[in-house]
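Chemist: The structure follows.
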Amino acid sequence: MMTKLKIAVQKSGRLSEESLRLIKECGIKFNNGKGTLKAEASNFPIEFLFLRDDDIPGYVEDGVADLGIVGENVLVEKSKGLEINKRLGFSKCRLSLAIPKGEKYEGISYFEGKNIATSYPKLLGDYLSKQGINADIHEISGSVEIAPGIGLAEGICDIVSSGSTLFMNGLKEVDVIFNSEAVLVSSPDMDPAKKDILNKLIFRIDAVLNSKNNKYILLNAPNDKVEEIIGILPGMRSPTVLPLAQEGWSSLHSVINEDEFWERIEKLKEAGAEGILVVPIEKMIK
Ligand code: ATP
Ligand code: MG
């Protein structure tokens, strides 16, 4: 039988859409009808299992799935021996401590002897013990933010992205204990044939992620400015320089990182670049 990788992805929720998009951008084709629990790719040796995110680390640990895409928060909370193969850069959020808005907060010692509700008892417990704080951790599985309002706890520790849920429940964020993003995880003891497929998948994921962080840039410049402009442009090697039909002018092509993009564009204009085009990159193999 042909070897296949089984990958666990969230069935529906804040990870599922981006997880499937990434896989599609890797050129992997599959059909997932609504409500299906399993699907198979037609052009890559991979099978999908659609699960609740909380169950993903456990399934990978038990070998039911070879791989999974899950939030790092859930991974650290639930798993012992899984390896992070790749940080995926989406579903970014933070795990934070929050208390009622009207309370005065002067530091982590606020929580000494207090009662904190959370769905992340392990992450919170580790954090508090590192800080030397003794608190009572009350584990609940959802709607953590209402706990102080109903007298269940004096503070909470929960996922925050914009803070609007906290605000609506009369709470304020006082300390970030963990920053999370989606990660690709695998069991550390995978057989060589599966490892081989995993490496192919990671190669594709790298190409997709690199392409997202980079743009292809084309510009025109008078020949006497070309050297200065080459100094401003980064690029995998030096930029490509091509003569233009117009005498004394050249076209320069390069790849530029999203993060330094605007700063470099300004410098390029100052140095005499004209007709600057910036084009998205579909895949980038380093
Ligand atoms: P499931 O039904 O699969 O158990 P869930 O309700 O537990 O889903 P979601 O709310 O879909 O989980 O969140 C899944 C993961 O997405 C979280 O563990 C976290 O890593 C990330 N996440 C949660 N909230 C946000 C947010 N507001 N913005 C970005 N990422 C988030
Ligand atoms: Mg969940």
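Everything in the sequence shown is counted per the working numbering, starting at 4 for the first residue and increasing by one.
Backbone N, C-alpha and C define an ideal beta-carbon position, used for all residues, glycine too.
Nearest CA to the CA of ALA185: which residue from ILE153, THR39 and ASP56?
Modeler: Position 182 of the sequence shown, counting from 1, holds the residue named residue 185. The residue with the shortest Cα to Cα distance from ALA185 is ASP56.
Chemist: What beta strand (DSSP E) runs, 3 residues minimum, are completely inside the stretch 123–168?
Modeler: Whole beta strand (DSSP E) segments, 3+ residues: 139–142 and 158–163.
Chemist: Given that a residue counts as buried once 16 or more other Cβ atoms are within 10 Å of its Cβ, and exposed if not, what is GLY74?
Modeler: Position 71 of the sequence shown, counted from the first residue, corresponds to residue 74. Its Cβ being crowded by 16 or more others within 10 Å, GLY74 is buried.
Chemist: Just checking my contact of CYS96 with SER22 at CB under 8 Å: how many whole Å lie between their CB atoms?
Modeler: By 1-based counting over the sequence shown, the position of residue 96 is 93. By 1-based counting over the sequence shown, the position of residue 22 is 19. That pair is no contact at about 15 Å.
Chemist: From LYS175 to ASP139, what does the alpha carbon distance come to, in whole angstroms?
Modeler: The residue you call residue 175 lines up with position 172 of the sequence shown. The residue you call residue 139 lines up with position 136 of the sequence shown. Cα-Cα distance, rounded: 20 Å.
Chemist: Rounded C-beta distance between LEU236 and LYS89? I'm assuming under 8 Å.
Modeler: As a working mapping, residue 236 is identified with position 233 in the sequence shown. As a working mapping, residue 89 is identified with position 86 in the sequence shown. About 29 Å; that fails the 8 Å criterion.
Chemist: Per DSSP, PHE51 forms a beta bridge with which residues?
Modeler: Locating residue 51 in the sequence shown gives position 48, counting from the first residue. Note: PHE51 sits in a beta bridge opposite ILE10 and ALA42.
Chemist: What whole-angstrom Cβ distance do GLY158 and LEU221 have, given they're in contact under 8 Å?
Modeler: To locate residue 158, count along the sequence shown from 1; it is residue 155. To locate residue 221, count along the sequence shown from 1; it is residue 218. The Cβ separation is near 54 Å, so there is no contact.
Chemist: Does the stretch 268–275 come close enough to the stretch 228–235 to have 3 or more Cβ pairs within less than 8 Å?
Modeler: Contact between the stretch 268–275 and the stretch 228–235 is present, because at least three Cβ pairs lie under 8 Å.
Chemist: Since LEU25 contacts VAL211 with CB under 8 Å, what's their CB separation in whole angstroms?
Modeler: Position 22 of the sequence shown, counting from 1, holds the residue named residue 25. Position 208 of the sequence shown, counting from 1, holds the residue named residue 211. With a Cβ gap of about 6 Å, LEU25 and VAL211 count as contacting.
Chemist: Per DSSP, what are the beta-bridge partners of TRP252 in this structure?
Modeler: Numbered from its first residue, the sequence shown carries residue 252 at position 249. In DSSP, TRP252 forms a bridge with PRO225.
Chemist: Alpha carbon to alpha carbon, how far is ASN216 from ASN260? Give it in angstroms, no decimals.
Modeler: To locate residue 260, count along the sequence shown from 1; it is residue 257. To locate residue 216, count along the sequence shown from 1; it is residue 213. Cα to Cα, ASN260 sits roughly 6 Å from ASN216.
Chemist: What is the DSSP secondary structure of SER19, counted as helix, strand or coil?
Modeler: Within the sequence shown, residue 19 is the residue found at index 16, counting from 1. Looking at SER19 - three-state DSSP - the assignment turns out to be helix.
Chemist: For the alpha helix (DSSP H) containing PHE206, name the first residue and the last one.
Modeler: Counted from its first residue, the sequence shown places residue 206 at position 203. PHE206 -> alpha helix (DSSP H) spans 195–216.
Chemist: At what residues does the beta strand (DSSP E) containing GLU176 begin and finish?
Modeler: The residue you call residue 176 lines up with position 173 of the sequence shown. Element bounds for GLU176: 174–183.
Chemist: Can you give me the start and stop residues for the beta strand (DSSP E) that GLU263 sits inside?
Modeler: Counting from one through the sequence shown, the residue named residue 263 turns up at place 260. No beta strand (DSSP E) holds GLU263; DSSP gives it neither H nor E.
Chemist: Compare the C-alpha of ASN118 against each of LEU155, LYS125 and VAL281 and name the closest.
Modeler: By 1-based counting over the sequence shown, the position of residue 118 is 115. Out of LEU155, LYS125 and VAL281, LEU155 has the C-alpha closest to the C-alpha of ASN118.
Chemist: When the Cβ atoms of the stretch 11–20 are set against those of the stretch 63–71, are three or more pairs found closer than 8 Å?
Modeler: They touch, by the three-pair rule.
Chemist: Here's a check: name, in chain order, each residue in its chain whose Cβ is nearer than 6 Å to the Cβ of PHE47, leaving out the five neighbours to either side.
Modeler: Taking the first residue of the sequence shown as 1, we reach residue 47 at position 44. Closer than 6 Å at the Cβ level, and outside the excluded window around PHE47, lie ILE31.
Chemist: What is the rounded straight-line gap between the Cα of ILE309 and the Cα of GLY66?
Modeler: The first residue shown for the chain is 4 and the last is 289, placing residue 309 beyond what the model contains.
Chemist: According to DSSP, which residues form a beta bridge with SER2?
Modeler: This structure gives no information on residue 2, because the portion of the chain shown stretches from 4 to 289.
Chemist: Quick check: is any heavy atom of the ligand ATP less than 7 Å from the C-beta of ILE111?
Modeler: By 1-based counting over the sequence shown, the position of residue 111 is 108. No, the ligand ATP has no heavy atom inside 7 Å of this Cβ.
Chemist: Could you tell me whether the Cβ atoms of GLU64 and SER45 are closer together than 8 Å?
Modeler: Here residue 64 refers to the residue found at position 61 of the sequence shown. Here residue 45 refers to the residue found at position 42 of the sequence shown. It is not a contact, given that the beta carbons lie outside the stated cut-off.
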